[in-house]
Amino acid sequence: MSQQRAPGSQPQFDFEHDPALEAFIEARAERIAREQAFVWRFRLVTIETLMMGALVLAAGLALGQPAFLVLRASVMVAAGCFASGILLLSLSGVADRGVTHIRRWRDGK
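Terminal number for the sequence shown in our numbering: 119, no gaps in between.
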(Lines of atoms letter the chains of each structure in order from A and count residues from 1; the text may use other names and numbers.)
(Lines give C-alpha, C1' and ligand atoms only; values in the text may rest on other atoms or scores of the structure.)
Protein backbone atom coordinates (compact mmCIF):
# COMPACT_ATOMS: atom_id res chain seq x y z
CA MET A 1 0.00 0.00 0.00
CA SER A 2 1.50 3.34 -0.99
CA GLN A 3 1.81 6.15 1.52
CA GLN A 4 -0.26 9.21 0.84
CA ARG A 5 1.57 12.53 0.79
CA ALA A 6 0.44 15.45 2.87
CA PRO A 7 -1.03 18.30 0.80
CA GLY A 8 1.15 21.36 0.21
CA SER A 9 4.10 21.99 2.47
CA GLN A 10 2.55 20.28 5.47
CA PRO A 11 5.13 18.02 7.15
CA GLN A 12 4.33 14.35 7.34
CA PHE A 13 4.85 12.63 10.67
CA ASP A 14 5.12 8.93 11.29
CA PHE A 15 4.05 8.24 14.86
CA GLU A 16 4.31 4.89 16.55
CA HIS A 17 1.29 3.40 18.28
CA ASP A 18 1.68 4.43 21.93
CA PRO A 19 -1.11 3.13 24.20
CA ALA A 20 -0.09 5.41 27.10
CA LEU A 21 -0.29 8.50 24.90
CA GLU A 22 -3.65 7.44 23.48
CA ALA A 23 -5.01 6.80 26.98
CA PHE A 24 -3.82 10.24 28.09
CA ILE A 25 -5.43 11.94 25.10
CA GLU A 26 -8.69 10.04 25.57
CA ALA A 27 -8.81 10.90 29.30
CA ARG A 28 -8.19 14.56 28.59
CA ALA A 29 -10.77 14.66 25.81
CA GLU A 30 -13.30 12.96 28.11
CA ARG A 31 -12.65 15.48 30.89
CA ILE A 32 -13.06 18.42 28.52
CA ALA A 33 -16.24 16.91 27.04
CA ARG A 34 -17.74 16.41 30.51
CA GLU A 35 -16.98 20.00 31.50
CA GLN A 36 -18.45 21.37 28.29
CA ALA A 37 -21.50 19.14 28.64
CA PHE A 38 -22.20 20.54 32.11
CA VAL A 39 -21.86 24.11 30.85
CA TRP A 40 -24.23 23.42 27.96
CA ARG A 41 -26.76 21.75 30.26
CA PHE A 42 -26.60 24.72 32.62
CA ARG A 43 -27.16 27.08 29.68
CA LEU A 44 -30.13 25.02 28.60
CA VAL A 45 -31.66 25.19 32.09
CA THR A 46 -31.08 28.95 32.18
CA ILE A 47 -32.66 29.51 28.77
CA GLU A 48 -35.60 27.29 29.70
CA THR A 49 -36.06 29.27 32.92
CA LEU A 50 -36.11 32.59 31.09
CA MET A 51 -38.52 31.27 28.47
CA MET A 52 -40.96 29.91 31.04
CA GLY A 53 -40.89 33.13 33.03
CA ALA A 54 -41.41 35.19 29.88
CA LEU A 55 -44.28 32.97 28.71
CA VAL A 56 -46.08 33.28 32.04
CA LEU A 57 -45.52 37.04 31.99
CA ALA A 58 -46.79 37.38 28.42
CA ALA A 59 -49.82 35.15 29.03
CA GLY A 60 -50.79 36.99 32.20
CA LEU A 61 -50.49 40.39 30.60
CA ALA A 62 -52.37 39.20 27.50
CA LEU A 63 -55.22 38.02 29.71
CA GLY A 64 -55.42 41.40 31.38
CA GLN A 65 -54.33 40.32 34.86
CA PRO A 66 -52.82 42.86 37.30
CA ALA A 67 -49.16 43.52 36.45
CA PHE A 68 -47.81 42.92 39.96
CA LEU A 69 -49.64 39.60 40.24
CA VAL A 70 -48.36 38.49 36.84
CA LEU A 71 -44.80 39.55 37.63
CA ARG A 72 -44.85 37.67 40.93
CA ALA A 73 -46.21 34.53 39.25
CA SER A 74 -43.62 34.82 36.51
CA VAL A 75 -40.78 35.04 39.03
CA MET A 76 -42.14 32.08 40.99
CA VAL A 77 -42.47 29.92 37.88
CA ALA A 78 -38.95 30.87 36.75
CA ALA A 79 -37.53 30.10 40.22
CA GLY A 80 -39.26 26.73 40.32
CA CYS A 81 -38.10 25.89 36.83
CA PHE A 82 -34.51 26.87 37.64
CA ALA A 83 -34.51 24.92 40.92
CA SER A 84 -35.90 21.79 39.30
CA GLY A 85 -33.40 22.08 36.43
CA ILE A 86 -30.44 22.42 38.80
CA LEU A 87 -31.75 19.51 40.86
CA LEU A 88 -32.01 17.42 37.70
CA LEU A 89 -28.46 18.36 36.69
CA SER A 90 -27.15 17.45 40.13
CA LEU A 91 -28.95 14.14 40.27
CA SER A 92 -27.80 13.16 36.79
CA GLY A 93 -24.21 13.99 37.79
CA VAL A 94 -24.50 11.89 40.94
CA ALA A 95 -25.99 9.00 38.97
CA ASP A 96 -23.20 9.25 36.38
CA ARG A 97 -20.51 9.17 39.06
CA GLY A 98 -22.24 6.26 40.77
CA VAL A 99 -22.43 4.23 37.57
CA THR A 100 -18.77 4.99 36.84
CA HIS A 101 -17.77 3.93 40.35
CA ILE A 102 -19.76 0.69 40.11
CA ARG A 103 -18.31 -0.05 36.66
CA ARG A 104 -14.74 0.46 37.93
CA TRP A 105 -15.45 -1.69 40.99
CA ARG A 106 -16.92 -4.44 38.79
CA ASP A 107 -13.95 -4.32 36.42
CA GLY A 108 -11.51 -4.40 39.35
CA LYS A 109 -9.78 -1.09 38.66
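Think of the CB as a built atom: it goes at the ideal place given N, C-alpha and C, for glycine as much as any other residue.
Notebook entry, point to check: If you draw a straight line from the C-alpha of residue 116 to the C-alpha of residue 84, how long is it?
Noted result: 48 Å
Notebook entry, point to check: Terminal residues of the continuous alpha helix (DSSP H) containing residue 76?
Noted result: Where residue 76 is concerned, there is no enclosing alpha helix (DSSP H), given that its DSSP letter is neither H nor E.
Notebook entry, point to check: In the structure shown, what three-state DSSP assignment does residue 28 receive?
Noted result: coil
Next item on the list: Pair every Cβ in the region 74–81 with every Cβ in the region 54–65, then say whether three or more of these pairs are closer than 8 Å.
Entry: no
Check: Distance, Cα to Cα, residue 72 vs residue 90?
Finding: 22 Å
Margin query: Give me, in chain order, the residues of the same chain whose beta-carbon lies closer than 7 Å to that of residue 80; leave out the 5 immediate sequence neighbours on both sides.
Written below: 67, 70 and 71
Notebook entry, point to check: Under the rule that 16 or more other beta-carbon atoms within 10 Å means buried, what is residue 63, buried or exposed?
Noted result: buried
Check: Where residue 118 and residue 38 are concerned, what is the direct C-alpha to C-alpha distance, given to the nearest angstrom?
Finding: 22 Å
Note to self: I believe residue 97 touches residue 51 by the beta-carbon criterion, under 8 Å. Please report the beta-carbon distance rounded to the nearest angstrom.
What the structure shows: The Cβ separation is near 12 Å, so there is no contact.
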